[in-house]
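So the structure is just underneath, and the comments pick up after that.
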């Protein structure tokens, strides 16, 4: 492996039976996860150093380039992407068939995450860390997803997940989306259900993928479930209000009237009385909305005829419809997470 200064890239030189080196020449700064678009080019092996010198003269010396020697046989077997590159009708495949080796440039990958994937492809599990951060595991998953080489990572996935220190956040955040991505890619049912529940419950707007390769069908299902949950709650509140207005709910005229007035005030205070919300409910968080509903204060009841002192005496009104805590007792504070097994995997 050789290092030189140029745009950040990892050049994979693939002779027929080569083995990857274990360590890079240098470690670049961590880069944020995004859906990359690696480039490939073919170069004559004997001209690599000469071309490198020319590139150094023409390009600014801003970042590090790593050369990693790998086995074409292993890459073709593990990755359909590399198989297409090396055996298809690409210029890289022509160079590989003619010379027995080829240089392929891959840009925008984190070098440590890239080496983890390459070690797994070559079966060098002793060189793979047993403990990864959530950020690094997500980067490994992005690279493996891009090159379609998930299978070699199966043997070590359970070790990574069990040693993970970061827990799934209960608030909407970048780490929560990383957990969503990791649990989807590595097919972790319980973590996927928990992370999707948190995302749908805590998101205040339309859910996006944060530039991660989370399938559109997963994003679509989460948005649909979030919107349905909020819509059902808003509909329940309006239906309850209508029931008090029509006196179909409440034990008496006084009971229905008092509860109707109290519920109207509460709904207005959280901006869901009128007009009704748009279908996608912007700036509305299901978890917060549920907590507010569960905190609605119920009116107090007084007995004006009690005693001769003239003081009103508070008493317990036995009607179950006179207490918001009773009316909304069955509300779920979180949206039910998605079932991984019910979604078609890739």
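Residue numbers (the UniProt record's numbering): 1 to 346. By construction, the Cβ of each residue, glycine as well, lies at the ideal position given by its N, Cα and C atoms.
Exercise. Relative to the C-alpha of residue 427, which residue among 159, 166, 298 is closest?
Worked result: A question about residue 427 goes unanswered here, because the residues of the chain that appear run from 1 up to 346.
Problem set entry | Backbone secondary structure at residue 52 - three-state DSSP | Here the model assigns residue 52 a pLDDT of 36, short of 50, so the residue's position is not dependable, and the following value carries that caveat. It is helical.
Exercise. Secondary structure at residue 193, three-state DSSP: helix, strand or coil?
Worked result: helix
Exercise. Which residues mark the beginning and the end of the alpha helix (DSSP H) in which residue 112 is found?
Worked result: 111 to 121
Problem set entry | Unbroken beta strand (DSSP E) run spanning residue 106, endpoints | 103 to 107
Exercise. Is the beta carbon of residue 182 sitting closer than 8 Å to the one on residue 134?
Worked result: yes
Exercise. With a CB to CB cut of under 6 Å and the five nearest residues on each side skipped, what residues in its chain are close to residue 216?
Worked result: none
For this session: Rank 161, 170, 334, 130 by C-alpha distance to the C-alpha of residue 228 and give the top, closest one.
Result: 334
Exercise. Less than 7 Å between the CB of residue 187 and some heavy atom of the ligand MN, yes or no?
Worked result: Ligands in the displayed structure: none, and consequently the ligand MN is not present.
Problem set entry | Cα-Cα separation, residue 338 to residue 196 | 6 Å
Exercise. First and last residue of the alpha helix (DSSP H) that includes residue 255?
Worked result: 253 to 269
Exercise. Are the segment 124 to 134 and the segment 191 to 209 in contact at 8 Å, needing three or more beta carbon pairs?
Worked result: no
Exercise. Can you give the beta carbon distance from residue 185 to residue 111, rounded, assuming they're within the 8 Å contact cut?
Worked result: About 20 Å separates the two Cβ atoms, so there is no contact after all.
For this session: Below 6 Å CB to CB, which residues in the same chain sit around residue 262 once its five sequence neighbours on both sides are set aside?
Result: 299
Exercise. Along the chain, where does the alpha helix (DSSP H) that runs through residue 184 open and close?
Worked result: 174 to 185
Problem set entry | Given residue 199 as reference, the closest of 188, 224, 187, 171 once Cα atoms are compared | 171
Exercise. To which residues of the same chain is residue 252 closer than 6 Å at the C-beta, ignoring the five residues directly before and after it?
Worked result: none
Problem set entry | Spatial neighbours of residue 323 in its chain, beta-carbon cut-off 6 Å, leaving aside the 5 residues before and after | 298
For this session: Assign residue 347 to one of two classes, buried (16 or more other C-beta atoms within 10 Å of its C-beta) or exposed (fewer than that).
Result: The displayed coordinates of the chain run from 1 to 346. Any statement about residue 347 would go beyond what the structure contains.
Exercise. Which residue's Cα is closest to the Cα of residue 234: 160, 223, 159, 328?
Worked result: 328
Exercise. Count the other CB atoms within 10 Å of the CB of residue 249; is the residue buried (16 or more) or exposed (fewer)?
Worked result: buried
Problem set entry | Where the alpha helix (DSSP H) containing residue 338 begins and where it ends | From DSSP, residue 338 is part of no alpha helix (DSSP H); its letter is neither H nor E.
For this session: Rounded to whole angstroms, what's the CA-CA distance from residue 95 to residue 75? Just pull it up for me.
Result: 16 Å
For this session: Work out the CA separation of residue 296 and residue 260 for me, nearest whole Å.
Result: 13 Å
Problem set entry | Under the three-state DSSP convention, the category residue 150 falls into | coil
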